[in-house]
Structures are given as structure tokens and as C-alpha cells.
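In full-length UniProt numbering, the protein residues as written are 1 to 280.
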């Protein structure tokens, strides 16, 4: 629910710049966009807050432990990053070839390619240390403040060596674990507004975010960064799919609450932000 308050002069100016009917239709989204902009005076307190985090040991400790693990799930290790290097086409060629592919053939994806999709999109690739002694692990794709708010849940249909089902990528241990088994193709087509391409995919990646991981540092503006982070990661998946002979397509039309219930998340502390189908 949106909190009612008196609009700022900037927000009022923004409202007046749109045709009244369009402003009424999109008022909440446009108000947020305007309200979350940085300005020299308006954002001074935000900048001070961000700077002070470097001295907040408790928050730094929290920020460096952003790894979701299901204790009851048996995870299977993925190959280490050094063992996945090589092969594929060049980055330049992958960029030239990349398209949103909306027709798949239930092609089986080699397990190594599946592993690369995860490791080279959001796996750990380095680390940095704070003065407190805490270590922040760095990932394959960029993230605002190195906070990494995202989680990846692959829904596997046709991947070598894996049973169909819903999985979770355990970034900390570089492993995948099955959360629930079964063929969820009919279910995903239904919740993805009857987009049949989902049924023929090798795997569908459901990507969620923990907003507080980013909001604690960047406040309101941090909500923008969740979607930027998801876009960075998704582009890696696009290029990796292209490099290894597969296609990918982001799925914008999905029933968020139904996906979140399927994942067993509350939609608030952890919320759906992106879906991507990958297949051959």
C-alpha cells in the first residue's frame, strides 16, 4: 500500500508534465521514479548514510553474509569455475548472434552448459576485505554496492543428469539442490500467461530478490538497483546461452503471486523480479 504524503515540488512538476489521464493511470510508478532521484540537496542525507555504513560493523557483517541455503536440501556440487573455462564462441560473436529466442525444441542441455549458466552469471569470482575483517565475495555480474540481492531458482525440464523439478542455486557452496521434483511445464505455461515457448525450454530460471539487502544501504533508490542487478545477470545468461548453441528469452508476463507461492516465498522479504527461458 502506498503511503500518502504531500507531494514535493519536483513530484508536482512531474505530475503536471503528463496528460492528466496518463498520470492517473501510472501515478504510483511515476511518483516513485521522481521521488527516488538523487539531487544535490535532497539526497545529502542519503550520501551521508551510505558513507557511514563503512563504520557500521554490524551492518557490514550482515552485508557480507548474503547467501541463501536450504538446510534440509541435499545440494550437488557444480564444477569449479576454473574447470569451466574455454570453448564456446567469442564474446564479440555471442553479442552479434544474441537474439530473444521464442521457439525451443526440448533439446537436452549438457550439464556443463547448465553449470556455466549459473557460475558465470552469479557465481563467486573473487573477494574483497573490509577493515572489520569481514570478507565480501564478488560475483560474475555487477551489483550495486556488491550487495547481491538476487537468488536463482532453475526449473529444469531437459538438463543432462538432472531430474525435472524446481532447484535452487546455492552460491556459497557452488551447488544446486532440488526443492521439489516433477514436470512443471503445464504450470509454468499457465502462470506465464499461456506462453507456450516455456513448455519447450530446457530450463526456466526464476530470479528473485531480497530488497532489504540493497535498501539498507541505498534506501528508496535501492529498489531501482534490484532491477538493474537482475538485468546485468540476465544479459550474462543471454550471452552464455548464445555462446553454447542455445537461445534465451526473458519472460515479462507472469503472475507474480502465483510464482512466489510456487517458490514458497512471501513476496515481500523475497520477491520475484525476473523469469528467463533457455532452450535449443
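Where a beta carbon is used, it is the ideal one built from N, C-alpha and C, also for glycine.
What's the C-alpha gap between residue 260 and residue 165?
Our two residues, residue 260 and residue 165, have alpha carbons roughly 16 Å apart in a direct line.
Name the two residues that bound the continuous beta strand (DSSP E) containing residue 250.
Per DSSP, residue 250 is one residue of the beta strand (DSSP E) stretching across 247-250.
Can you tell me whether DSSP reads residue 21 as helix, strand or coil?
Helix, per DSSP.
Are at least three pairs of beta-carbons, each pair with one atom in the stretch 100-113 and one in the stretch 29-38, less than 8 Å apart?
No, because fewer than three Cβ pairs between the stretch 100-113 and the stretch 29-38 fall closer than 8 Å, the two stretches do not touch.
Presumed contact (8 Å Cβ cut-off) between residue 242 and residue 98, rounded CB distance
With a Cβ gap of about 5 Å, residue 242 and residue 98 count as contacting.
Tell me, to the nearest whole angstrom, how far the beta carbon of residue 276 is from that of residue 205; I am working on the premise that it is less than 8 Å.
Rounded, the Cβ-Cβ distance is 5 Å, consistent with contact.
In its own chain, which residues sit with a C-beta less than 7 Å from the C-beta of residue 2, not counting the 5 before and 5 after it?
Here the model assigns residue 2 a pLDDT of 47, short of 50, so the residue's position is not dependable and the matter cannot be decided.
Extent of the continuous alpha helix (DSSP H) to which residue 60 belongs
Element bounds for residue 60: 57-63.
Let's see if you can read the secondary structure: which residues bound the alpha helix (DSSP H) around residue 47?
Under the DSSP assignment, residue 47 falls in the alpha helix (DSSP H) whose first and last residues are 44-52.
Could you tell me the alpha carbon to alpha carbon distance between residue 248 and residue 240, rounded to whole angstroms?
In this structure, the CA atom of residue 248 is about 9 Å from the CA atom of residue 240.
From what residue to what residue does the alpha helix (DSSP H) around residue 274 run?
For residue 274, there is no enclosing alpha helix (DSSP H); the residue is found in the beta strand (DSSP E) stretching over 271-279.
For the alpha helix (DSSP H) containing residue 268, list its first residue and its last residue.
Where residue 268 is concerned, there is no enclosing alpha helix (DSSP H), given that its DSSP letter is neither H nor E.
Taking the C-alpha atoms as reference points, what is the distance between residue 137 and residue 254?
Linking residue 137 to residue 254 through their CA atoms gives a straight-line distance of about 32 Å.
Between the stretch 64-80 and the stretch 227-236, are three or more C-beta pairs nearer than 8 Å?
Counting C-beta pairs with one atom in each stretch, the stretch 64-80 and the stretch 227-236 have fewer than three that are closer than 8 Å, which means they do not touch.
Beta-bridge pairing of residue 205 - partner residues as DSSP gives them:
Checking the DSSP bridge columns, you'll see residue 205 partnered with 154, 276.
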